[in-house]
Structures are given as C-alpha cells and as structure tokens.
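**Student:**
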Amino acid sequence: MTDEKNELQPGSIADGDLSAEIRRVAENVERRFQTGRRVLSFAEYLDLFATDPVRYARDASRYLRDVFDHYGTTKIEHPWGKFTRYNLFDMPWDGGGPGKPLPRGALIGQEPVQEEIYRSLSNFAREGRPSRLVLLHGPNGSAKSTIVGCLMRALENYSSLDVGALYRFNWVFPSNKTVRGSLGFGKKSEGGVTDTFAHLADDEIDAKLLVEVRDHPLFLFPLEERKALLERLFAAAGEPPSDWILRGQLSHKSQQVFEALLSSYGGSYTEVLKHVQVERYFISQRYRTGAVTIGPQMSVDAGERQITADRSLAALPASLQAVTLYEAKGELIEAAGGLLEFSDLLKRPLDAFKYLQLSVETGEVALTQQNVQLNCVMMGSANELHLDAFREHPEFASFRGRLELIRTPYLRSYIQEQTIYDAHVAPQVQRHVAPHATMMASMFAVLTRMRKPNPDRYGRQLGAALSSLSAVEKLDLYATGRIPERLDADAQKTLRANVPDVFDESDPYPIYEGRIGASPREMRVVLLDAAQSPKYKCLSPIAVLEEIENLCQRRGEFEWLQQEAIAGGYHDVRAFQEALHGRLLDSWEHELYSTSGLVDDERYAELFERYIQHVSMWVKKERVRNRVTGDYEEPDEKVMREVERLLDVKGEPQEMRKQMISAVAAWAIDHPGQKVEPSIVFPHHLKRMRDSIFGERRPAVAQRARDIERLVRDEGTGLDDLRKRNSEQTIERLIARFGYCRECAADAMSVLVRRRFGDVS
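In UniProt numbering, the protein residues as written are 1 to 761.
(1) Look at the Cβ atom of Tyr-86, then the Cβ atom of Tyr-118, and state whether they are nearer than 8 Å.
(2) What does the alpha-carbon distance come out to for the pair Tyr-570 and Ser-470?
(3) What span of residues does the beta strand (DSSP E) with Leu-278 cover, start to end?
(4) What separation, rounded to the nearest whole angstrom, lies between the Cα atoms of Leu-200 and Glu-331?
(5) Ends of the alpha helix (DSSP H) at Arg-704?
(6) If we ignore side chains and look at the alpha-carbon of each, how far apart do Leu-88 and Glu-557 end up?
(7) Throw me the rounded Cβ distance for the Val-292 and Leu-340 pair, which I believe falls under 8 Å.
(8) Out of Glu-115, Gln-255 and Arg-460, which has the shortest C-alpha to C-alpha gap to Thr-74?
(9) Say whether the stretch 729-742 touches the stretch 584-602, bearing in mind that this needs 3 or more beta-carbon pairs closer than 8 Å, one atom from each stretch.
(10) Return helix, strand or coil for Met-656, following the three-state DSSP convention.
(11) For Ala-441, which residues of its own chain have a beta-carbon under 7 Å away from its beta-carbon, when the five flanking residues on both sides are left out?
(12) Which stretch, first to last residue, makes up the beta strand (DSSP E) that contains Ile-406?
(13) Closer than 6 Å by C-beta to Pro-653: which residues in its own chain qualify, once you throw out the five before and the five after it? Chain order, please.
(14) Reducing DSSP to helix, strand and coil, say where Pro-394 ends up.
(15) Would you kindly check if the distance between the Cβ of Arg-402 and the Cβ of Gln-373 is under 8 Å?
(16) Output needed for His-275: all residues of its chain with C-beta closer than 7 Å, excluding positions within five of it in sequence on either side, in chain order.
(17) Can you give me the C-alpha to C-alpha distance between Gln-703 and Arg-754, rounded to a whole angstrom?
(18) State the start and end residues of the unbroken beta strand (DSSP E) segment that holds Tyr-458.
(19) Between the alpha carbons of Ala-736 and Tyr-536, how many angstroms are there, rounded?
(20) Quick check on the DSSP output: the alpha helix (DSSP H) that includes Trp-244 runs from which residue to which?
(21) Leaving out five residues on either side along the sequence, give the residues of the same chain with a beta carbon under 6 Å from the beta carbon of Ile-483.
(22) If we ignore side chains and look at the alpha-carbon of each, how far apart do Ile-283 and Pro-435 end up?
(23) Between the C-alpha atoms of Gln-532 and Asp-707, what's the straight-line distance to the nearest angstrom?
(24) Note down, in chain order, each residue of its chain lying with its Cβ closer than 6 Å to the Cβ of Leu-230, except the 5 sequence neighbours on either side.
(25) What is the DSSP secondary structure of Val-377, counted as helix, strand or coil?
(26) How is the alpha helix (DSSP H) around Ile-420 delimited, first residue to last?
(27) Please list, in chain order, all residues of the same chain as Arg-610 whose beta carbon is under 7 Å from its beta carbon, the five residues on each side excluded.
(28) Taking Asp-206 as part of the beta strand (DSSP E), name the residues at either end of that continuous run.
(29) Can you find the residues in the same chain that come closer than 7 Å, C-beta to C-beta, to Tyr-478, ignoring five residues on each side of it along the sequence?
(30) Determine whether the beta carbon atoms of Ala-565 and Val-472 lie at a separation below 8 Å.
(31) Are the beta-carbon atoms belonging to Val-628 and Gln-613 less than 8 Å from one another?
(32) Measuring CB to CB, does Gly-290 end up less than 8 Å from Leu-155?
(33) Assign Arg-554 to buried or exposed, taking buried as 16 or more other Cβ atoms, counted over all protein chains shown, within 10 Å of its Cβ.
(34) Which residues bound the alpha helix (DSSP H) around Thr-146?
(35) Taking buried to mean at least 16 other C-beta atoms within 10 Å of its own C-beta, is Ser-254 buried or exposed?
(36) For Gly-128, which residues from the same chain have a beta carbon less than 7 Å from its beta carbon, with the 5 sequence-adjacent residues on both sides left out?
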C-alpha cells in the first residue's frame with residue numbers, strides 16, 4: 001500500500017530541494033543586506049557621504065527631480081508639437097517602455113503635464129526646498145491620481161537602488177550586560193572599549209529610539225562645522241548644497257537626546273556619536289514611508305505625542321528619564337523625504353488646510369511643543385469646479401503665491417485615448433475584443449471634448465480653413481495630422497503648419513478644450529457593459545455604439561450632454577454616432593478588400609510611388625532608369641495617365657503634376673535627410689486611388705462578404721467548394737492581419753451586407 005504522506009505529488013519539491021532553496025534565498029538576502037550597507041555607525045556613514053556628497057545630501061525636491069532624470073526621457077512628436085516624455089511614467093521597473101505593453105497604472109499621454117512637473121521640481125531644487133504646493137487641476141478622470149501614483153512607484157523603485165539610497169538615524173542605548181559600569185549613561189568609556197553601539201545585537205540593547213521625522217545624519221553636525229564640511233566636500237561637485245542640508249536642524253526629540261547625552265558625557269561629542277545608528281530606509285506607499293496620500297478628511301495632517309509615558313522608563317538611560325520627549329506623527333511626518341499627495345484638496349473646508357499656507361512658505365509646521373521642519377514635495381489634485389469656487393474666495397490671492405497650478409485636461413488624441421482602453425479595460429473583459437471596439441469608444445470620447453475654433457484669432461487664410469473645420473475633421477487633425485482633402489493645397493499647407501496654435505487656442509479660456517467631455521471612467525463602463533451584450537460573442541464595436549447611444553439618453557447626468565450643438569457638428573452627439581458608424585463601415589470594407597484576395601492591397605501604393613518617380617522626371621525633363629534593362633527611357637506617359645484616371649483628374653494633368661512635385665519638394669525641405677514616403681505626403685491621393693481600384697471589384701467583394709456570413713452562420717449551405725475555400729482563406733487573413741475571430745468577422749460581414757452591399761449584385 002502506498003504511503004500517501006510520503007508520496008510526492010507531480011510538481012512538488014522534495015524536502016532536500018526545499019531546504020537548499022531556503023538556504024540559497026537566505027544567502028542572497030544576507031548578501032544584499034551587507035552590500036546594501038543597511039546599518040552603519042556615524043563614522044562609517046560619514047565616509048560613505050564623502051564618496052558622493054551630492055547624492056547623499058539631496059532634499060526631497062532634488063531627490064524627486066533625480067528620479068525623473070534616472071529613468072531618462074523619450075522625444076515624442078504629435079501633430080500639435082514635439083514634447084519630452086519622462087520614461088518613469090511608462091513604469092520600466094514593471095517592464096513598461098516604448099514598444100512594450102504598458103503595466104497597470106502607467107500614464108498614457110499628458111507629456112505637457114510631465115514637463116511642467118519637472119520644471120517645478122527643477123525650480124524647487126534651485127531654491128533649495130519645495131517652496132510651493134503643486135496642484136494638478138482638471139476634470140474628473142483626467143489622470144491626476146495616475147500621475148502621482150507613477151511618481152510614488154518610481155520613488156519606491158529608485159530608493160531600492162544604490163543610486164537612490166536613503167539614510168536616517170536612530171538612537172541606541174546598550175545594556176549594562178554589554179558594557180561594564182554605566183558606560184553610555186554618565187561616564188566616558190575607559191580605554192576605548194568600543195567606538196560605536198550601532199552594530200550591537202538586539203539583546204545587547206536596552207532601548208532604541210527611532211527618529212520618526214527621518215532627520216538627516218549630518219544634522220548631528222553643529223551648523224558652523226557642517227557648513228565648512230559641506231563647502232569642502234561640494235567644492236568639486238559643480239552644484240551647491242541645498243538649504244535643507246546646510247541649515248536643517250535636529251527634530252525636538254533628537255535634540256533633547258543629544259543635549260542630555262552631551263551633558264552626561266561632560267561635553268564629549270565622540271561619546272554621543274557612539275549612540276547613533278545610521279540605517280538605510282526605503283520609500284514605500286504601502287507602509288507610508290516617504291510616499292503618502294491624504295484623502296479630503298477634515299483634520300490636521302500632523303500632531304505629536306509624549307513617548308516617555310507610553311513605555312518603561314527603565315528602558316531609557318538615567319540621563320533621559322527626567323526628560324520629557326515628544327515625537328511627531330501624522331501624514332506630514334510619514335511623507336518626510338518623499339512625496340505627499342493631497343487628493344481632492346479643495347474638497348476640504350478652507351480651515352482644514354489653511355495651515356499649509358504658512359507651512360509651504362516657511363518649510364515648517366507648528367505643533368504644540370515644536371516646529372517640525374518639512375522635507376517633502378507636496379502635490380494636490382482638484383477638479384475644475386472646486387478650483388473655480390476657490391478662485392472666488394477672498395483667501396485665494398494669498399494662496400496663489402504658494403501654489404504651482406498645472407492644468408491636466410482630458411486627452412484630445414483618440415489614438416492616445418484608445419491606448420488607455422486597450423491597456424486598462426480590454427484585459428478585464430472576459431471575451432475576445434473585436435477590432436475597432438475600443439476605437440469607437442475613444443473616438444466618441446474625444447469628439448465630446450472638441451471646441452469649435454475661433455477663426456477671428458487667425459489670419460485670413462487660416463481663419464477661412466478653420467471656420468469650416470468640423471468636429472470629426474478636428475478629431476483626425478489632432479490624432480494623425482490629417483488635413484481635410486476638400487481644402488486647396490495652400491489652405492492645407494497653412495493648416496498643417498499651424499496645428500500647434502489651434503491645439504493651444506483655448507488655453508486662456510476658463511472652459512478650455514479638454515475640460516468638458518466624456519471621461520475615461522464613463523467610457524470604461526460603456527465598454528464593460530458592451531462586453532456583456534447577449535447579441536454578440538465578442539466585445540463588438542456595434543455593441544459599443546449601442547451602449548454609447550444608451551449613455552447619450554442620460555442627458556441630465558452629464559454636463560457634456562447638455563451643451564447646445566453648433567455648426568460643424570460640435571457637441572452634437574447624434575452626429576458623432578452617425579460619423580462613427582460610417583467610420584466603422586469604412587474600416588470593415590477596407591479590411592475585407594485587403595484580405596479578399598480579389599484586390600492586390602499593395603498595388604495602388606506601388607503604382608503611386610512609380611507615378612511620383614515618373615512625374616518628377618517629367619517635370620525636370622529627365623529620363624527614368626528602367627529597373628529591368630538598366631536603360632534610360634522617357635517618363636512613361638501610360639503609367640501617369642493610368643494613375644490620373646484613378647485619381648479622377650479633370651482636364652489637362654500638367655498643372656497637377658507640377659503641384660505634386662512642389663509638395664514633394666516642400667516636404668523634403670521640412671524633413672531634411674528623410675526618405676519621401678508617398679503615404680505620408682499624399683494620404684488623400686492614395687485613398688482616392690484605393691477607392692477607385694476597390695470600386696472596380698465591389699460586386700465580387702460584396703459576394704465574398706455574403707459567403708463569409710453564410711459559411712460561419714449557416715455552415716456554408718449553398719456554397720460550392722471553391723467559394724468555401726476562398727471565404728475560409730479570407731477569414732484566416734482577417735484573423736492574422738487584423739485580430740478578428742470567426743464570430744466577429746461574421747458580425748462585420750453581416751452588417752456590411754445590410755448597410756453597404758445591399759444594392760450590389
């Protein structure tokens with residue numbers, strides 16, 4: 001009979017293997033502890049400090065700025081400008097980064113906000129301390145909390161690295177069993193028995209006082225001597241020490257202990273330092289160490305308590321038993337050395353945070369028994385309604401100088417918005433996510449945020465182009481830089497060059513673009529509800545559009561649904577839905593053409609590229625080299641005429657050819673050294689060619705859509721073997737190239753047959 005207790009289950013670890021694993025882990029932990037220099041005496045810390053004084057003397061603002069610098073930057077180019085993206089917001093410690101899946105909690109977009117935060121931190125570093133509270137303000141759901149969350153996660157990771165090592169100190173008092181007599185409690189040591197008590201084991205210590213405000217160990221140096229030491233050590237550093245490290249002083253408790261020990265030892269400074277244990281610490285949001293978030297509760301964020309009443313007096317040396325010791329407590333204290341977030345700051349009554357006005361200005365918070373020196377970057381968040389009300393308060397003017405206001409609007413690129421839903425919503429859906437489902441949600445959300453441009457702010461030509469710019473055209477302009485094809489060449493060029501000005505137009509307005517609209521939170525609910533639709537087996541874009549229609553019925557709940565529709569389709573949610581239906585059908589139709597095998601998807605691109613080459617030679621009156629024979633020949637008029645037929649060029653084509661080459665030359669001037677890509681320079685022409693080529697094959701493609709629907713829904717009833725095989729191959733291409741499954745491919749074909757191919761035989 002088998003002994004079930006001793007029988008190893010599949011995949012289990014034998015006892016010997018498990019013991020070896022424990023020993024290996026134990027060795028690694030011990031090695032990291034020792035190499036990480038977790039516990040030091042004061043003299044050992046001073047030696048470490050001298051190796052890199054700039055690193056070990058940073059205040060909170062310099063430390064956080066260095067976190068930004070440590071993870072590096074990436075240059076980002078959008079149609080509305082070039083920006084610096086700070087890589088910490090991609091959370092590289094969790095595997096995020098350019099071209100990689102975004103970890104949960106990573107920030108998408110908001111590069112201008114990142115730049116503003118870094119600018120503020122750099123100013124704080126120059127001033128020597130965080131002298132203002134950074135207030136992120138914007139509509140609900142605009143990623144304010146996500147920004148602060150990324151910063152806190154970055155602080156946690158950075159503090160675990162050697163380059164981000166942080167140190168504080170504690171007071172330790174050895175037991176009488178450890179040293180003879182009353183060593184450390186009233187007499188100098190005899191014969192230099194020991195240099196420090198920092199490395200004593202716990203059973204050799206009677207008492208250990210933690211310094212909760214995380215005083216810097218150099219605060220133990222008297223101010224005059226500290227200044228001389230820092231000037232000497234910083235001489236070759238290239239930057240001055242911060243005001244915090246130059247003038248910072250011990251907290252109330254540490255000063256009391258220091259004075260009592262100095263008196264006990266008859267003024268011997270070296271004897272006092274024996275009681276100093278320098279300890280490395282790590283920033284942790286979970287354990288509220290250097291990264292703390294305060295909700296809008298109605299309470300002061302710092303306090304104090306008497307500690308000698310809470311513990312055995314016998315555990316402290318005689319020289320301290322008569323001293324009343326107080327320790328500070330609260331969120332302001334827990335955030336020392338790092339970042340303190342005031343979530344929804346302006347939801348508090350003014351009296352609940354009025355103390356911050358003086359605290360930010362002086363760098364201290366006043367308690368009953370002491371003033372605590374603050375060393376943390378303070379950030380807050382507020383929505384625009386509360387900030388508007390605060391601006392009307394009589395106290396706002398006095399607060400304004402202590403606030404660094406950074407606007408955090410909704411995103412205005414549907415590509416960025418879609419990335420949010422793909423990264424943070426789609427993984428939660430327990431169904432296959434059909435192509436275009438998240439795109440429908442992102443396009444709708446961004447359309448609700450669009451403001452009609454004011455043409456009076458611009459010159460005649462640009463103003464004329466903007467006066468007719470629709471909300472949907474503006475959506476494309478921001479996301480891809482696509483200019484309306486209906487504009488003439490000069491208007492297109494002018495509009496393309498002024499996209500940044502259009503994007504920033506509403507910045508001075510109280511109701512700026514990106515302040516009002518559907519939030520990512522609302523669209524998340526739309527997507528999750530659509531994923532539960534019983535009519536579809538996937539998260540279907542049709543289901544998303546149906547849920548958007550339901551959302552638009554709740555007019556009384558959302559400000560963006562209460563705005564009056566104006567010319568150009570702005571604020572017109574019904575027009576938005578119609579436009580999205582059309583976009584969806586266009587996308588499905590193009591993907592069907594591309595995968596049907598009835599049309600060479602790359603033919604029109606290659607043909608257009610040949611056209612540009614031949615037109616260029618035609619304009620310059622030069623010959624074209626034949627790729628096959630190597631001979632030089634006249635530009636092929638047949639090729640040029642074929643493309644111009646597909647482009648539906650009216651009349652003589654000479655003028656158009658010259659305009660095409662002028663456009664190529666202008667693009668080359670703006671992009672020196674880059675290869676001319678027709679798909680970038682002439683997207684509208686390529687689309688027109690594609691539509692012409694596709695149009696010639698429309699009846700055959702429509703039949704393929706019907707065949708696919710019949711193959712999936714009716715198991716191919718009525719189809720011969722060739723049509724079944726061709727339909728199956730098209731489905732396989734849809735799956736491989738665009739991410740469909742059989743069900744959502746059939747859903748798409750069914751809608752196309754009804755709405756696009758119903759009259760095509």
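Using N, Cα and C, we set each Cβ at its ideal position, and we do this for glycine too.
**Tutor:** To lay it out plainly:
(1) yes
(2) 7 Å
(3) The identity of residue 278 in the sequence shown is Val, whereas the question assumes Leu. 276-281 is the span of the beta strand (DSSP E), which, as asked, contains Val-278.
(4) 31 Å
(5) 698-713
(6) 36 Å
(7) 5 Å
(8) Glu-115
(9) yes
(10) helix
(11) Tyr-421, Met-523, Val-526, Leu-527 and Val-544
(12) 403-407
(13) Glu-644
(14) coil
(15) no
(16) Trp-171, Val-172, Phe-173, Gly-184, Phe-197 and Leu-261
(17) 12 Å
(18) Neither: Tyr-458 is in no beta strand (DSSP E) and is coded neither H nor E.
(19) 21 Å
(20) 243-247
(21) Gln-492, Leu-495 and Arg-496
(22) 41 Å
(23) 28 Å
(24) Pro-241
(25) strand
(26) 414-424
(27) Val-639
(28) 205-210
(29) Pro-79, Trp-80, Arg-412, Ser-413 and Phe-503
(30) no
(31) no
(32) yes
(33) exposed
(34) 144-159
(35) buried
(36) Ser-242, Asp-243 and Trp-244
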